[in-house]
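Input: a single structure, listed below in C-alpha cells.
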Amino acid sequence: MADPLDKRLERWISAGVVDASTAARIRTFEESQGSSERLRWPVLLAVALGGVLLCAGVLLFVAAHWDELSPAWRFTLVLILVAVFPIAGALTEERFPVLSVMFYAIGTICVGAGIFLTAQIFNLQEHWPTGILMWAVGALAGWLLLWHWTQAALLALLVPAWLAGEWEVRTEGFAVSNRLLTEGLLLVAITYLSARTSGEDSHVRRALAWLGGFAFLPLGVWAFAESRGNWGWWAWQNRPGIPTTLRIAGWAVAICAPLTLAFVLRKSAAWTNAIAAVWVLVIGTFRAPHEDSSGKLAIFAWDSLGPYFWAGVGALAMVGWGLLGRRGERINLGVAGFALTVIIFYFSDVMDKLGRSASLIGLGVLFLFGGWALERTRRQLVARVAGGTQ
Numbered sequence: 078m079a080d081p082l083d084k085r086l087e088r089w090i091s092a093g094v095v096d097a098s099t100a101a102r103i104r105t106f107e108e109s110q111g112s113s114e115r116l117r118w119p120v121l122l123a124v125a126l127g128g129v130l131l132c133a134g135v136l137l138f139v140a141a142h143w144d145e146l147s148p149a150w151r152f153t154l155v156l157i158l159v160a161v162f163p164i165a166g167a168l169t170e171e172r173f174p175v176l177s178v179m180f181y182a183i184g185t186i187c188v189g190a191g192i193f194l195t196a197q198i199f200n201l202q203e204h205w206p207t208g209i210l211m212w213a214v215g216a217l218a219g220w221l222l223l224w225h226w227t228q229a230a231l232l233a234l235l236v237p238a239w240l241a242g243e244w245e246v247r248t249e250g251f252a253v254s255n256r257l258l259t260e261g262l263l264l265v266a267i268t269y270l271s272a273r274t275s276g277e278d279s280h281v282r283r284a285l286a287w288l289g290g291f292a293f294l295p296l297g298v299w300a301f302a303e304s305r306g307n308w309g310w311w312a313w314q315n316r317p318g319i320p321t322t323l324r325i326a327g328w329a330v331a332i333c334a335p336l337t338l339a340f341v342l343r344k345s346a347a348w349t350n351a352i353a354a355v356w357v358l359v360i361g362t363f364r365a366p367h368e369d370s371s372g373k374l375a376i377f378a379w380d381s382l383g384p385y386f387w388a389g390v391g392a393l394a395m396v397g398w399g400l401l402g403r404r405g406e407r408i409n410l411g412v413a414g415f416a417l418t419v420i421i422f423y424f425s426d427v428m429d430k431l432g433r434s435a436s437l438i439g440l441g442v443l444f445l446f447g448g449w450a451l452e453r454t455r456r457q458l459v460a461r462v463a464g465g466t467q
C-alpha cells in the first residue's frame, strides 16, 4: 500500500490540503501500522484454517445426526446455525476484528446451508437456482451491512453460480452445449482479475483478483476443450434445438454482465476487457475434426493448430496487459498460460509423432530450457513493472 499512499500524499501536498511535515507523519504512522499487520500473518493463517475446519466440523456434525432428529429439531438446528455465528462475530468485533470477519463469513455460509436444509426438511421441490439466489441476497446484505471483503468474495462466487444454474435448468431437455457457460464464466474470471488497478487496490478488489486468477487457467482450458469436443452429443439425439429467444438472452447476459461489471470497476480502462471478450468469443469458432463425404477424417489447419495459436496470443496479451496496467500478477498468469499452452501442444500433437525415447528427451529439454527461459523473462518483466511503480 506504500505506492498508492505516496501518490495520494503527493496530490494532497500539491493541492495544499496538507503540508510536508503532516504528510511525513501520516506516512510514518501508516508504515508502522503496515509493519504490525505483516507480523500477524501466522494469526491470519490460523484464523483462516480454523474457519475452514469449523465449517467442516459443523457440516459433519449435522450430517451425522440429521437422520436422528425430528423435523422440529432439524429446523431449530438450522436456525441456531444461522444465528450463532453472526452473534459471535458481533461479540468479537471490537476485541478481535479478524476473528469477527471470519465468524461473519461462516454465518453467511451457514445461510446457504440453512436455505437448502430447510427445503429438504419441508420437501420443497422448487426451482433450485432460486436457493442460490437467496443465498446471494444474504451475502449482498452482509456486504452492505459490514463491508467485509469476505462477504464480497462470497457474493462474487454465488451470482455466477446462480446464473449458471438458471441456464442449466432453462435449457434442460434441449440440444445445447456448454459453450455459453464456459465462455461466460471465463469472461467473469477476466473481469475479476482486472479489478485491481494502480489507483484502486482495496481488499475487495484484491479478493476479486485472486478469484479471477485461480479460475482463469482452468476455465480457459475448459473453453478450448469445449469448442473442439462434442461432449455429450449422444445425449442430444432426438432433442429439440434451443429457442432463439432463450439463446439470445443467454448470450446477452454472458457477454454484457461481465463487461458492465468491468466498466463499473475500471471506468474508461474497461476497453481492454472488451478486447478480452472478443478473444474469448473467437474460442468458440474452433471445431473438432469431422468426417468428410468420403468418410475420411477432415482436419483443417485452423481447427488443429488454431487453438494453440489463439491460446498463445491470449497468454502474450495477458503479459502485455500486465505491462500496460503495471500488474505483476497478470504477467505471472500470462507466462503460466503460455507454458501450459506449449505443454498441451507437445503432449497432444508432438509427442505421439516421436519415438518413446525421443519424446522423453524432447520433454526434458522443453522443461529445462523452456522453463528457464520463461522464468528469466518473467522475472525481468515483473522487475520492470515493480521499478516503474516506484
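Numbering (my numbering), first residue to last: 78 to 467. Glycine included, C-beta positions come from ideal geometry on N, C-alpha and C.
- prompt: Between which two residues does the alpha helix (DSSP H) carrying GLY189 extend?
  reply: Numbered from its first residue, the sequence shown carries residue 189 at position 112. From DSSP, the alpha helix (DSSP H) with GLY189 extends over 174–198.
field: C-beta atoms of VAL281 and ALA229 nearer than 7 Å
entry: Taking the sequence shown and counting its residues from 1, one reaches residue 281 at position 204. Taking the sequence shown and counting its residues from 1, one reaches residue 229 at position 152. Yes; because the gap between Cβ atoms is below 7 Å, this pair is in contact.
- prompt: Given that a residue counts as buried once 16 or more other Cβ atoms are within 10 Å of its Cβ, and exposed if not, what is HIS225?
  reply: What you label residue 225 is simply residue 148 of the sequence shown in a count that begins at 1. Counting Cβ neighbours within 10 Å, HIS225 comes out buried, since at least 16 surround it.
- prompt: Which value, in whole angstroms, describes the spacing of the CA atoms of SER91 and ALA97?
  reply: In the sequence shown, the residue the question calls residue 91 occupies position 14. In the sequence shown, the residue the question calls residue 97 occupies position 20. Taking the straight line from one Cα to the other gives about 10 Å.
task: Answer with buried or exposed for PRO163, where buried requires no fewer than 16 other C-beta atoms within 10 angstroms of its C-beta.
output: On the sequence shown, position 86 is the one that residue 163 refers to. Buried is the call here.
message: Could you tell me the alpha carbon to alpha carbon distance between GLY166 and VAL178, rounded to whole angstroms?
response: Here residue 166 corresponds to residue number 89 of the sequence shown, with the count starting at 1. Here residue 178 corresponds to residue number 101 of the sequence shown, with the count starting at 1. Near 7 Å, if we compare the C-alpha coordinates of VAL178 and GLY166.
- request: Note down the Cα distance separating GLN202 from GLY208, rounded to an integer number of angstroms.
  value: Residue mapping note: residue 202 aligns to position 125 of the sequence shown, counting from 1. Residue mapping note: residue 208 aligns to position 131 of the sequence shown, counting from 1. Taking the straight line from one Cα to the other gives about 11 Å.
query: Would DSSP call LYS373 helix, strand or coil?
result: The sequence position of residue 373 within the sequence shown is 296, counting from 1. In this prediction, LYS373 has a pLDDT of 49, which is less than 50 and means its spatial position is unreliable; nothing more can be read from the coordinates.
query: What residues in its chain sit with their C-beta under 6 Å from that of MET78, if we drop five residues either side in the sequence?
result: The sequence position of residue 78 within the sequence shown is 1, counting from 1. With a pLDDT of only 42 at MET78, under 50, the local geometry of the prediction cannot be trusted, and the value read off the model is given with reservation. The answer is none, since no qualifying residue turns up.
message: Threshold first: 4 residues or longer. Then list the alpha helix (DSSP H) segments lying entirely within the segment 394–423, N to C.
response: 405–422
Nearest residue (CA-CA) to ALA550, options THR362, LEU176, VAL155 and THR418: Nothing can be reported for residue 550, as the shown portion of the chain is limited to 78 through 467.
query: Helix, strand or coil: how does DSSP classify GLY318 here?
result: Counted from its first residue, the sequence shown places residue 318 at position 241. DSSP places GLY318 in strand when its eight states are reduced to three.
- prompt: Under a three-way DSSP split, which group does VAL159 fall into?
  reply: Working through the sequence shown from its first residue, we reach residue 159 at position 82. If DSSP states are grouped into helix, strand and coil, VAL159 belongs with the helices.
Touching by the beta-carbon criterion (3+ pairs, under 8 Å), the segment 438–453 and the segment 385–400: no
query: Quick one: is LEU338 buried, meaning 16 or more other Cβ sit within 10 Å of its Cβ, or exposed?
result: Numbered from 1 along the sequence shown, position 261 holds the residue referred to as residue 338. That one is buried.
Own chain residues within Cβ distance below 6 Å of VAL357, not counting five before or after: Within the sequence shown, numbered from 1, the residue matching residue 357 stands at position 280. Excluding sequence neighbours, VAL357 sits near GLU260, LEU263 and LEU264.
task: Taking ASN75 as part of the alpha helix (DSSP H), name the residues at either end of that continuous run.
output: Only positions 78 to 467 of the chain appear in this structure, which leaves residue 75 out of reach.
Reference ARG341; option with closest CA among ALA141, THR153, ARG102 and THR268: By 1-based counting over the sequence shown, the position of residue 341 is 264. Reading off the sequence shown, one finds Val at residue 341, where the question assumed Arg. Of the listed residues, the one whose Cα sits closest to VAL341 is THR268.
message: Considering only the alpha carbon of each residue, which of ILE421, GLU277 and VAL359 lies closest to ILE332?
response: Residue mapping note: residue 332 aligns to position 255 of the sequence shown, counting from 1. Selected option, being the one with the closest Cα: VAL359.
query: Under the rule that 16 or more other beta-carbon atoms within 10 Å means buried, what is ASN255, buried or exposed?
result: Taking the first residue of the sequence shown as position 1, residue 255 is located at position 178. The residue in question, ASN255, is buried, as its Cβ has 16 or more Cβ neighbours within 10 Å.
task: Name the residue from GLU249, TRP299 and GLU406 whose alpha carbon lies nearest to the alpha carbon of LEU384.
output: Mapped onto the sequence shown, residue 384 falls at position 307. Per the sequence presented here, residue 384 reads as Pro, with Leu not at that position. With distances taken between Cα atoms, PRO384 lies closest to TRP299.
task: Quick one: grab the DSSP three-state call for ALA123.
output: Here residue 123 refers to the residue found at position 46 of the sequence shown. It is helical.
task: Look up GLN202 in the DSSP assignment and say whether it is helix, strand or coil.
output: In the sequence shown, the residue the question calls residue 202 occupies position 125. Here GLN202 sits in coil by DSSP.
task: Rounded to whole angstroms, what's the CA-CA distance from ALA416 to LEU336? Just pull it up for me.
output: As a working mapping, residue 416 is identified with position 339 in the sequence shown. As a working mapping, residue 336 is identified with position 259 in the sequence shown. Cα to Cα, ALA416 sits roughly 28 Å from LEU336.
query: How big is the Cα-Cα spacing for ASN409 and GLY447?
result: Looking up residue 409 in the sequence shown gives position 332. Looking up residue 447 in the sequence shown gives position 370. ASN409 and GLY447: Cα-Cα distance of roughly 15 Å.
message: Alpha carbons only, please: which of LEU234, LEU382 and PHE180 is nearest the one belonging to VAL214?
response: Walking along the sequence shown from the start, residue 214 turns up at place 137. When each option's Cα is compared against that of VAL214, the closest is LEU234.
query: What's the call for SER304, buried or exposed, on a 16-neighbour Cβ count within 10 Å?
result: Translated into positions along the sequence shown, residue 304 becomes position 227. Buried, since its Cβ has 16 or more Cβ neighbours within 10 Å.
query: Distance, Cα to Cα, ALA190 vs ALA125?
result: By 1-based counting over the sequence shown, the position of residue 190 is 113. By 1-based counting over the sequence shown, the position of residue 125 is 48. Using only the alpha carbons, I get a separation of about 20 Å.
message: Using 7 Å as the threshold, is the C-beta distance between HIS195 and VAL139 below it?
response: For this step, residue 195 is matched to residue 118 along the sequence shown. For this step, residue 139 is matched to residue 62 along the sequence shown. Here residue 195 is Thr; the residue named in the question, His, does not match the sequence. Not a contact, by the Cβ cut-off of 7 Å.
- prompt: CA-CA distance, ASN350 and THR321?
  reply: The residue labelled residue 350 in the question sits at position 273 within the sequence shown. The residue labelled residue 321 in the question sits at position 244 within the sequence shown. Taking the straight line from one Cα to the other gives about 27 Å.
message: Applying the 10 Å Cβ sphere with the 16-neighbour rule, what's the burial state of TRP398?
response: Taking the sequence shown and counting its residues from 1, the one referred to as residue 398 is at position 321. Buried, because 16 or more other Cβ atoms sit within 10 Å of the Cβ of TRP398.
task: Output yes or no for whether 7 Å exceeds the beta carbon distance between LEU222 and GLY327.
output: If you number the sequence shown from 1, residue 222 lands on position 145. If you number the sequence shown from 1, residue 327 lands on position 250. No; because the gap between Cβ atoms is not below 7 Å, this pair is not in contact.
query: Just how far apart, CA to CA, sit VAL462 and LEU285?
result: Within the sequence shown, residue 462 is the residue found at index 385, counting from 1. Within the sequence shown, residue 285 is the residue found at index 208, counting from 1. Each residue's alpha carbon lies about 21 Å from the other.
- prompt: Where does ALA272 sit, in a helix, a strand or coil, going by DSSP?
  reply: The residue given as residue 272 occupies position 195 in the sequence shown. ALA272 falls in the coil class under three-state DSSP.
- request: Return the residue from the list GLY276, GLY290, ARG324 and ASP144 that minimises the CA-CA distance to GLN197.
  value: If you number the sequence shown from 1, residue 197 lands on position 120. Measuring from the Cα of GLN197, the nearest candidate turns out to be ASP144.
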